[in-house]
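In the UniProt record's numbering, the protein residues as written are 1 to 343.
Backbone N, C-alpha and C define an ideal beta-carbon position, used for all residues, glycine too.
Below is the structure:
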């Protein structure tokens with residue numbers, strides 16, 4: 001049940017009625033809460049009635065102000081003690097930002113494609129799938145920040161992966177052209193359980209697993225390498241490939257690269273920007289290249305925005321490149337004729 005709560009049930013408290021009931025559980029007693037008389041009060045939980053979303057918001061703010069640890073809550077038109085629970089802060093975020101909650105709940109986003117080229121012939125090697133909300137005024141960063149605060153990261157991450165696989169099928173991307181799809185290791189506590197839906201989607205749309213590359217984001221936040229190794233192993237067992245993103249941020253990069261042995265390593269934009277003029281950045285790139293060659297890992301330079309950066313990376317043997325200089329994210333898979341808009 002614990003795995004289910006982490007991987008699948010984080011977003012079940014999404015249908016928040018205009019009028020309804022708020023159920024709260026806490027190991028501590030509630031003190032001086034101006035919530036009116038409860039509808040029901042037991043040793044382990046209390047139910048209050050609310051008559052507007054504004055009133056619900058004020059109730060949650062009042063609960064939060066008490067700094068009572070371990071409070072879990074849920075809402076519905078008629079609640080029961082068996083309903084899934086979330087924290088006060090998570091529910092408050094969902095109430096205060098209903099437009100973001102709706103985006104996650106309905107999957108109101110799509111997958112944009114940014115081309116990745118082979119340095120050898122400057123032809124398309126693949127595409128990175130990037131999440132974009134249907135409402136263009138909602139930035140990806142804002143959506144993911146909301147999901148983190150509202151306890152919806154697992155749901156958003158899973159649905160983003162499904163959207164990316166579906167996009168590949170809809171665009172009829174050629175066999176052999178790779179799809180790079182992001183995932184957050186912090187949302188995958190048990191690979192066998194949490195990735196089941198992703199693998200089902202791959203089968204459902206008839207996508208060849210060998211054309212999928214799942215790349216880990218949050219590299220700078222990695223604190224459990226052994227779990228990431230299990231996730232990589234599970235992807236590879238399904239015939240898929242794996243990539244390490246944002247290399248150069250946080251965790252000792254070279255040690256991480258050696259330990260995980262990914263199929264691809266993507267070098268962080270911070271080390272690519274003006275790499276043609278920075279001896280320090282060049283030293284780092286050479287070290288990554290040396291380790292990658294030993295492991296048989298392909299190196300991808302991301303965030304290329306200048307011809308000089310592209311030329312230098314090609315000169316030192318970087319395998320793949322991606323960035324605005326090559327092509328911006330698009331709602332459609334671009335052809336080779338649409339590349340290099342800056343030239």
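Nearest-angstrom beta carbon gap, residue j and residue i [assumed within contact, 8 Å]
{"i": "residue 171", "j": "residue 333", "result": "5 Å"}
{"i": "residue 72", "j": "residue 132", "result": "About 33 Å; that fails the 8 Å criterion."}
{"i": "residue 16", "j": "residue 86", "result": "About 11 Å separates the two Cβ atoms, so there is no contact after all."}
{"i": "residue 217", "j": "residue 246", "result": "7 Å"}
{"i": "residue 119", "j": "residue 320", "result": "6 Å"}
C-beta neighbour in chain D for residue i, strict 7 Å
{"i": "residue 318", "result": "Among the protein chains of the structure shown there is no chain D, as only one such chain exists."}
Spatially closest choice to residue i from the options, by CA coordinates
{"i": "residue 326", "options": "76, 70 and 125", "result": "125"}
{"i": "residue 45", "options": "66, 82 and 14", "result": "82"}
{"i": "residue 322", "options": "196, 129 and 236", "result": "129"}
{"i": "residue 298", "options": "56, 55, 241 and 93", "result": "241"}
{"i": "residue 324", "options": "105, 69 and 117", "result": "117"}
{"i": "residue 110", "options": "262, 139 and 194", "result": "139"}
{"i": "residue 147", "options": "191, 90 and 178", "result": "90"}
{"i": "residue 134", "options": "122, 149, 112 and 65", "result": "112"}
{"i": "residue 329", "options": "122, 55 and 115", "result": "115"}
{"i": "residue 279", "options": "197, 78, 205 and 312", "result": "312"}
{"i": "residue 177", "options": "36, 18, 335 and 14", "result": "335"}
Opening and closing residue of the beta strand (DSSP E) in which residue i lies
{"i": "residue 253", "result": "Residue 253 -> not in any beta strand (DSSP E); alpha helix (DSSP H) instead, spanning 253-260."}
{"i": "residue 223", "result": "First-last for residue 223: undefined, no H or E at that position."}
{"i": "residue 190", "result": "Premise fails: residue 190 is in no beta strand (DSSP E) and is neither H nor E."}
{"i": "residue 118", "result": "109-118"}
{"i": "residue 212", "result": "212-216"}
Backbone secondary structure at residue i - three-state DSSP
{"i": "residue 130", "result": "strand"}
{"i": "residue 157", "result": "helix"}
{"i": "residue 241", "result": "strand"}
{"i": "residue 81", "result": "coil"}
{"i": "residue 16", "result": "coil"}
{"i": "residue 287", "result": "helix"}
{"i": "residue 99", "result": "helix"}
{"i": "residue 333", "result": "coil"}
{"i": "residue 339", "result": "coil"}
{"i": "residue 35", "result": "coil"}
{"i": "residue 233", "result": "helix"}
{"i": "residue 178", "result": "strand"}
Residue range of the alpha helix (DSSP H) that includes residue i
{"i": "residue 325", "result": "Element bounds for residue 325: n/a, residue is neither H nor E."}
{"i": "residue 195", "result": "Run containing residue 195: none; DSSP gives neither H nor E here."}
{"i": "residue 313", "result": "307-315"}
{"i": "residue 58", "result": "53-65"}
Cβ-heavy atom distance, residue i to the ligand PLP, below 6 Å
{"i": "residue 243", "result": "Absence of the ligand PLP is noted for the structure shown, with no ligands found whatsoever."}
Check whether the region 36-48 touches the region 94-101, counting contact only when three or more Cβ pairs, one atom from each stretch, lie closer than 8 Å.
no
If you pair each beta-carbon of the region 179-196 with each one of the region 154-171, do three or more pairs fall below 8 Å?
yes
Three CB pairs or more closer than 8 Å across the region 228-243 and the region 198-218:
With contact defined as three or more Cβ pairs closer than 8 Å, the region 228-243 and the region 198-218 are in contact.
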